[in-house]
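Engineer: No gaps in the numbering here: position 28 of the sequence shown is 28 in our numbering, and each next residue is one more.
Glycine residues also receive a C-beta, built at the ideal position from the N, C-alpha and C atoms.
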Amino acid sequence: MEIIKLKEIDSTNEYAKKLIDSGKRDFIVIADKQSKGRGRLGRVWFSDPGGLYFSIVLDNKFYEILSFITPLSVVKALNIGAKIKFPNDVIYRDKKISGILIERYKDKIIVGVGINVENEIREEIKDIAISLKDIKRGVNKDEVFKRFLDEFFNYYNNNDLDKEAILKEYKKFSDTIGKRVRLILPNNEVEGLVFNIDFEGISLVTDVGLKKYPTGEIKNLRNLKE
Ligand code: BTN
Numbered sequence: 001m002e003i004i005k006l007k008e009i010d011s012t013n014e015y016a017k018k019l020i021d022s023g024k025r026d027f028i029v030i031a032d033k034q035s036k037g038r039g040r041l042g043r044v045w046f047s048d049p050g051g052l053y054f055s056i057v058l059d060n061k062f063y064e065i066l067s068f069i070t071p072l073s074v075v076k077a078l079n080i081g082a083k084i085k086f087p088n089d090v091i092y093r094d095k096k097i098s099g100i101l102i103e104r105y106k107d108k109i110i111v112g113v114g115i116n117v118e119n120e121i122r123e124e125i126k127d128i129a130i131s132l133k134d135i136k137r138g139v140n141k142d143e144v145f146k147r148f149l150d151e152f153f154n155y156y157n158n159n160d161l162d163k164e165a166i167l168k169e170y171k172k173f174s175d176t177i178g179k180r181v182r183l184i185l186p187n188n189e190v191e192g193l194v195f196n197i198d199f200e201g202i203s204l205v206t207d208v209g210l211k212k213y214p215t216g217e218i219k220n221l222r223n224l225k226e
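1. Under a Cβ-count criterion, where at least 16 other Cβ atoms within 10 Å of its own Cβ denotes burial, should N116 be classed as buried or exposed?
2. DSSP puts S55 in a beta bridge; with which residues?
3. Cutting at 6 Å between CB atoms, please list the residues of its own chain near F46, excluding the five before and the five after it.
4. Helix, strand or coil, according to DSSP, for E120 in the structure here?
5. How big is the Cα-Cα spacing for L167 and K96?
6. Rounded to a whole number of angstroms, what is the C-alpha to C-alpha distance between L101 and I30?
7. Specify, as a first and last residue, the run of the alpha helix (DSSP H) that S73 falls within.
8. Beta-carbon within less than 6 Å of I130's beta-carbon, same chain only, minus the 5 sequence neighbours each way: which residues are those?
9. Would you mind reading off the limits of the beta strand (DSSP E) that contains F195?
10. Tell me whether E164 is buried or exposed, calling it buried when 16 or more other Cβ atoms sit within 10 Å of its Cβ.
11. Spatial neighbours of S239 within its chain, please: CB distance less than 8 Å, with the 5 preceding and 5 following residues excluded, ordered by chain position.
12. So, under 8 Å CB-CB, G114 and G201 are touching, yes? Tell me the CB distance rounded to an integer number of Å.
13. Anyone know if the C-beta pair for I28 and F54 falls short of 8 Å?
14. So is the beta-carbon of R25 under 7 Å away from any non-hydrogen atom of the ligand BTN?
15. Between which two residues does the beta strand (DSSP E) harbouring T206 extend?
16. How many angstroms separate the CA atom of A82 from the CA atom of F145?
17. Can you tell me whether F148 is buried or exposed, with buried defined as 16 or more other CB within 10 angstroms of its CB?
18. Classify L224: buried if its beta carbon has 16 or more other beta carbons within 10 angstroms, exposed otherwise.
19. CB of V90 to nearest heavy atom of the ligand BTN: below 7 Å?
20. Is it buried or exposed for S228, if we count other Cβ within 10 angstroms and need 16 for buried?
21. Classify V170: buried if its beta carbon has 16 or more other beta carbons within 10 angstroms, exposed otherwise.
22. Below 8 Å on the Cβ atoms is my guess for L183 versus F195; work out the distance and round it to an integer in Å.
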């Protein structure tokens, strides 16, 4: 797959859309920095030099598993014992090291991945974010990128992809299953104990029984009596 390398761009996901508009297909865009890195739910993704910022453009297949194989590939590429926070944040000791933004565009899917590798974490997010360089010495973002692509395409190009096996692996690395959380939904919030995660969403044991939600943002509930 063609890899387009840029020094700077507003957002690799946005640039990918322009290339799709021009008829390009099956490619990866990677940038040294982004001036308007975007996160989920309209948030900003700080994209200072040293981090990995890339978007993979794929045919519209396997959509439901991308949200599982992408964080799994990040966890494996990092190899530091990172965990997955629902739906697809990668965290290390409760701090975010990688974020993923998957978007449908025309007949394509854009898998946008940001990984804090050698970049300095900005002061204002130091209590919620971490960079690989703060965990492990001698890291190199090209190496992490290569390892990610190996892991990711190992899943993606596997014609006998076993969805149940992927789910099992995801659950093994899940930091969310078994935790008491507040799930932020578009119009309300619910609290409960996370019972399960699968391709259809997340199930919580709430005051009114077992409930399943297609997606949402997780806040861990600390300071609760165990
Ligand atoms: C999140 O955690 O909310 C998702 C962050 C996704 C960031 C990546 S960096 C490469 C790609 N381009 C963007 O503008 N965003 C994604």
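Structural biologist: In brief:
1. Taking the first residue of the sequence shown as 1, we reach residue 116 at position 116. The residue is buried, with at least 16 neighbouring Cβ atoms inside 10 Å.
2. Within the sequence shown, residue 55 is the residue found at index 55, counting from 1. DSSP lists V29 and G112 as the bridge partner or partners of S55.
3. As a first step, residue 46 must be located in the sequence shown, where it is residue number 46. So the qualifying residues of the chain are R122.
4. Position 120 of the sequence shown, counting from 1, holds the residue named residue 120. It is coil, neither helix nor strand.
5. Taking the sequence shown and counting its residues from 1, the one referred to as residue 167 is at position 167. Taking the sequence shown and counting its residues from 1, the one referred to as residue 96 is at position 96. The alpha-carbon atoms of L167 and K96 are separated by roughly 22 Å.
6. Sequence index remark: in the sequence shown, residue 101 carries index 101 (1-based). Sequence index remark: in the sequence shown, residue 30 carries index 30 (1-based). Rounded to the nearest whole angstrom, the CA to CA distance from L101 to I30 is 14 Å.
7. Your numbering for residue 73 matches position 73 in the sequence shown. According to the DSSP assignment, S73 belongs to the alpha helix (DSSP H) that extends over Y63 to L78.
8. For the purposes of this step, residue 130 is taken as the residue at position 130 of the sequence shown. Cβ neighbours of I130 beyond the five flanking positions: Y92, K95 and I97.
9. Residue mapping note: residue 195 aligns to position 195 of the sequence shown, counting from 1. It spans E189 to D198 - the beta strand (DSSP E) in which F195 sits, taken as one unbroken run.
10. Taking the first residue of the sequence shown as position 1, residue 164 is located at position 164. Exposure of E164 is indicated by the presence of fewer than 16 other C-beta atoms within 10 angstroms of its C-beta.
11. What is shown of the chain runs 1 to 226, which leaves residue 239 out entirely.
12. The residue labelled residue 114 in the question sits at position 114 within the sequence shown. The residue labelled residue 201 in the question sits at position 201 within the sequence shown. Contact between G114 and G201 does not hold, since the beta-carbon distance rounds to 24 Å and is not under 8 Å.
13. Here residue 28 refers to the residue found at position 28 of the sequence shown. Here residue 54 refers to the residue found at position 54 of the sequence shown. It is a contact, given that the beta carbons lie within the stated cut-off.
14. Position 25 of the sequence shown holds residue 25. Checking every heavy atom of the ligand BTN against the Cβ of R25, none is found closer than 7 Å.
15. Indexing the sequence shown from 1 puts residue 206 at position 206. Where T206 is concerned, the enclosing beta strand (DSSP E) stretches over G201 to T206.
16. One-based indexing of the sequence shown puts residue 82 at position 82. One-based indexing of the sequence shown puts residue 145 at position 145. Distance between A82 and F145, taken at the CA atoms: about 16 Å.
17. As a first step, residue 148 is located in the sequence shown; it is residue number 148 there, counting from the start. Per the 10 Å Cβ criterion, buried.
18. Stepping through the sequence shown from its first residue, residue 224 is reached at position 224. In this prediction, L224 scores a pLDDT of 43, lower than 50, which makes its location untrustworthy; the coordinate-derived value is nonetheless stated afterwards. Classification for L224: exposed.
19. Translated into positions along the sequence shown, residue 90 becomes position 90. Not under cutoff, so the answer is no.
20. Look at the range of the chain in this structure, 1 to 226, and you will see that residue 228 is not part of it.
21. Against the sequence shown, residue 170 aligns to sequence position 170. A small fix is needed here, since residue 170 is Tyr in this sequence, not Val. With 16 or more neighbouring CB atoms inside 10 Å of its own CB, Y170 falls in the buried class.
22. To locate residue 183, count along the sequence shown from 1; it is residue 183. To locate residue 195, count along the sequence shown from 1; it is residue 195. Actually they are not in contact, since the Cβ atoms of L183 and F195 sit about 12 Å apart, beyond 8 Å.
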